[in-house]
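In the numbering used here, the protein residues as written are 231 to 1261. C-beta: ideal position from N, C-alpha, C; glycine also. Since the structure comes first, as structure tokens, the remarks are kept for the end.
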């Protein structure tokens, strides 16, 4: 049975805002375009002085913002397929301070404001996760070549690149046969400058200082570029060197309502109630440091028939964050009940809005401090040769070598305090108040003394990955004169990518617990000394400080890297501690922090070839008309190999503790082996009292239990798997020009290879939760004994037919009105799936394993349209002539995509496509006259599914509510060389809201309930002072 998802209560207001802004933009477009068109149609009748005025207008167009708009417009107008671009008119002059923020201004492109696509708890002030036309199948390039990285995906982390060093950012939305395959949604190409871009000496530099009003810490940045060309008797030689470095410090506050559940005990028939099980608050401080180096050399023969270009690009980034949290422990206490003094209140949809959450004992609040330190490095070497042996024949040869690495440490130390309760109020400015109080709702005295907190747990995670890629390409073009067939292009490409991914588990374990050897209170001296943190200026002072918390002062990530944190934690462990550092885990590879099953080696080789026919005819339908186009076919072969490990369970870790001293099961002070494991398991099952939860293996028959034990030899076996597949990718692009109009059409077959993170095969096998099998109505006598989550090495690429139809009206220099409709028909879509496979351990024992992995399972379609409008109002009188507008709107409609969640309370719900917003618009107004240049830019997208499964308990689907952000800049030209300016980001202090999907059972089938508030994030308003010099 399908269930309809409900929209949040903010939707009507959002729809009204969309209609108002759309109507305003349309009115301005029609009036402005009509005025401009009237002016252009009367231009032939004007006198010579009027012609001089027009020339003066053209002079204005080629400076500052207008120059950027004109050059971006030229790329779009003259392209051979559907392209949008943003260019930098000056060195360091892209209109935003991160590549992601530049991209969100382009029609059809979205970003979100979180660190990862499935992590709704960690904010990103510069944005992440580029989506084009509702799809994440995005390919990234540097200068038309692969942009290599060793993350789990394929796209480059755009925030790792300094935007000051780019000449343009181009987004290709359809394909031609000569372009590298791999981007169904689109291709983002970052273009750097070259010496021959300007045949003279060029020098430019920028110096910047940024400041966030929450973090209250300045970050400095600078960039410089020098380039020159020398003409000699041996040809022209050019050299360019650019370097940029910047630091960014920011902060975000988060208010959370945790795990809304349907409460039948509080409901009355269809008047259903949904109540959270707790609340949480957090502060996150983000540090990002990046440097980008670009050096290039060029040579061109005097006759222009040969050119060589060599380039080196280095992107070095270090990002980290520190967060302090107070949150409810969802594993204890059950559902909260209302109290007389602070009863529950609800909204019209039955969703809780305020009250005191009192759980059954112990009302445990967890206070983790978490630090992450991620270092990434990407280096790219390329050499390109261009030859023109004759006037008709052109040859291009290209070689590329890229290498990348990632080093990540993620460390958490959890404090805890009990009993403390959560009081939630409706708050001001749309953000709930959360305070941690005593049972009467008054501030808790317990939180004033650090001795009432204790070291509860620790969790460590590391990644050490590296990879490299070699690519070679050859292209040939032969031109024809006076023919409908204007050129034939053909070429071939080969790439070989090697990647080693070392990615540990998130290794949580108890440090001290009341039920496991007692607790270790916080210390105020020594290496794990704590300090008070009362969440100052929380939510910019709009909400009260939630608690006096205490957190370790030590830098967790750095102390973990050098080992001092591990030593310090040894001093506070209780006798029942279960946390073991990654490198001390049983089976860890000597000298590393990894188990064999956490290491994977992958190799991907691609071979492709294409042929493309360019055709066209001038005056095909009369004067001022021209038809151009291209028809091509590309063949691509993909060969993939992955080498990983299969880790079989260890009986000692499943039927007994590693130290054999678990106080809950006395008398087992002997090693657990495959010989005695069955007897120990049955003994432990006999200790379970009525009402207690029994381990899943207690449900197994003796025969099935013995099968499970026989397989549990703790072995690690290297496994190699391979796959290959072919793709034939035809494409057709048509462009018809009539005066200032361009009509376009395109159809192409495209593919996107699976991300490395979902194809890398390494499997750690663990015991199937037979309690869950029985709860779901399964048969514990036939269900697979073991379960694993791993990559799908047999996956193939996602395929799609892409259709585009567009019309573009360039009614004035720097002004245009464009419309583009698109349709994408996708097959072989990846979705979560499972199957049963047979595995063997080192002793040759074979058993069935439930394998959870991505599979090529689905199909669906995306359709929509984009409308863009740009105009400079130079025809207006006086000071108004400096005005201009850039605006675009995108509508995307999806079919039903496979996107189900396996969490029991969400099984059967139909979720929308992840990351897709139906409505997006950008509206920018700028003013440029004489020495002044100013711009305000607003970006808005409506609500979307952020992730179908949260990364943390309770693993709910999380939506991002509709959100918008206003940014701006103002620059003043001091003289021919110097400019000074100010950027502003998040000027309206936007609060980013996420929402949890709720559900309720009806006749045994899950139904979708209303969206309930999950989190409210507020980040810095940032200003950046910039000084530019050009020569």
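Could you compute how far the alpha carbon of residue i sits from the alpha carbon of residue j?
i	j	result
residue 413	residue 719	21 Å
residue 1232	residue 1240	15 Å
residue 1103	residue 1112	7 Å
residue 1243	residue 487	7 Å
residue 466	residue 629	22 Å
residue 1150	residue 1049	15 Å
residue 1063	residue 405	31 Å
residue 565	residue 925	23 Å
residue 399	residue 598	40 Å
residue 882	residue 820	20 Å
residue 343	residue 767	22 Å
residue 803	residue 646	14 Å
residue 1195	residue 1220	6 Å
residue 284	residue 1152	With a pLDDT of only 33 at residue 284, under 50, the local geometry of the prediction cannot be trusted, and the value read off the model is given with reservation. Approximately 30 Å between the Cα atoms of the pair.
residue 724	residue 1227	46 Å
residue 1223	residue 489	15 Å
residue 976	residue 844	14 Å
residue 663	residue 961	56 Å
residue 535	residue 876	56 Å
residue 984	residue 409	19 Å
In chain order, what residues of the same chain lie with their CB nearer than 6 Å to the CB of residue i, ignoring the 5 residues before and after it?
i	result
residue 301	317
residue 885	902, 907, 910, 911
residue 966	857, 973
residue 524	395, 422, 472, 543
residue 218	The structure shown has nothing for residue 218, since the chain only spans 231 to 1261.
residue 957	866, 981
Per DSSP, which one or two residues make a beta bridge with residue i?
i	result
residue 1054	1032, 1092
residue 400	315, 419
residue 689	642, 738
residue 1086	1060
residue 728	698, 833
residue 745	Paired residue(s): none; residue 745 is not in a bridge.
residue 842	719, 862
residue 1231	1236
residue 367	Looking at the DSSP assignment, residue 367 forms no beta bridge with any residue, so it has no partner.
residue 1223	1246
Which same chain residues, not among the five before or five after residue i, have their C-beta less than 8 Å away from its C-beta?
i	result
residue 818	812, 824, 825
residue 330	341, 356, 357, 358, 360, 388, 389
Return the chain-ordered list of same chain residues with a C-beta closer than 7 Å to the C-beta of residue i, the five sequence neighbours on each side being excluded.
i	result
residue 1250	355, 442, 443, 444, 445, 480, 481, 1216
residue 576	503, 582, 583
residue 1181	348, 349
residue 1045	266, 1100, 1101, 1102
residue 260	Because residue 260 carries a pLDDT of 40, less than 50, the predicted location of this residue cannot be relied on, and no value is offered for it.
residue 1178	1129, 1131, 1141, 1144, 1187
residue 1127	1059, 1088, 1090, 1143
Return yes when the Cβ of residue j is within less than 8 Å of the Cβ of residue i, no when it is not.
i	j	result
residue 1246	residue 661	yes
residue 172	residue 688	This structure gives no information on residue 172, because the portion of the chain shown stretches from 231 to 1261.
residue 556	residue 595	yes
residue 868	residue 955	yes
residue 1212	residue 1200	yes
residue 572	residue 653	yes
residue 402	residue 485	no
residue 779	residue 600	no
residue 987	residue 567	no
residue 419	residue 374	yes
Would residue i count as contacting chain B if we go by Cβ distances under 8 Å?
i	result
residue 752	Included in the structure is just one protein chain, with no chain B present.
query = Do three or more CB pairs link the stretch 425-442 to the stretch 519-531 at distances below 8 Å?
reply = yes
Segment contact flag, the stretch 618-633 with the stretch 729-741, C-beta cutoff 8 Å, min 3 pairs = no
task = Inspect the CB distances between the stretch 778-797 and the stretch 830-850 and report whether three or more fall short of 8 Å.
result = no
request  = Kindly confirm or deny that the stretch 1143-1158 and the stretch 361-372 touch, where touching means at least three C-beta pairs closer than 8 Å.
outcome  = yes
query = Can at least three beta-carbon pairs, one atom from the stretch 744-759 and one from the stretch 662-681, be found at a separation below 8 Å?
reply = yes
inquiry  = Could you check whether the stretch 1025-1040 touches the stretch 996-1009, counting it as contact only if at least three pairs of C-beta atoms, one from each stretch, sit closer than 8 Å?
reply    = no
request  = Determine contact between the stretch 606-615 and the stretch 658-672, defined as no fewer than three beta-carbon pairs at a distance below 8 Å.
outcome  = no
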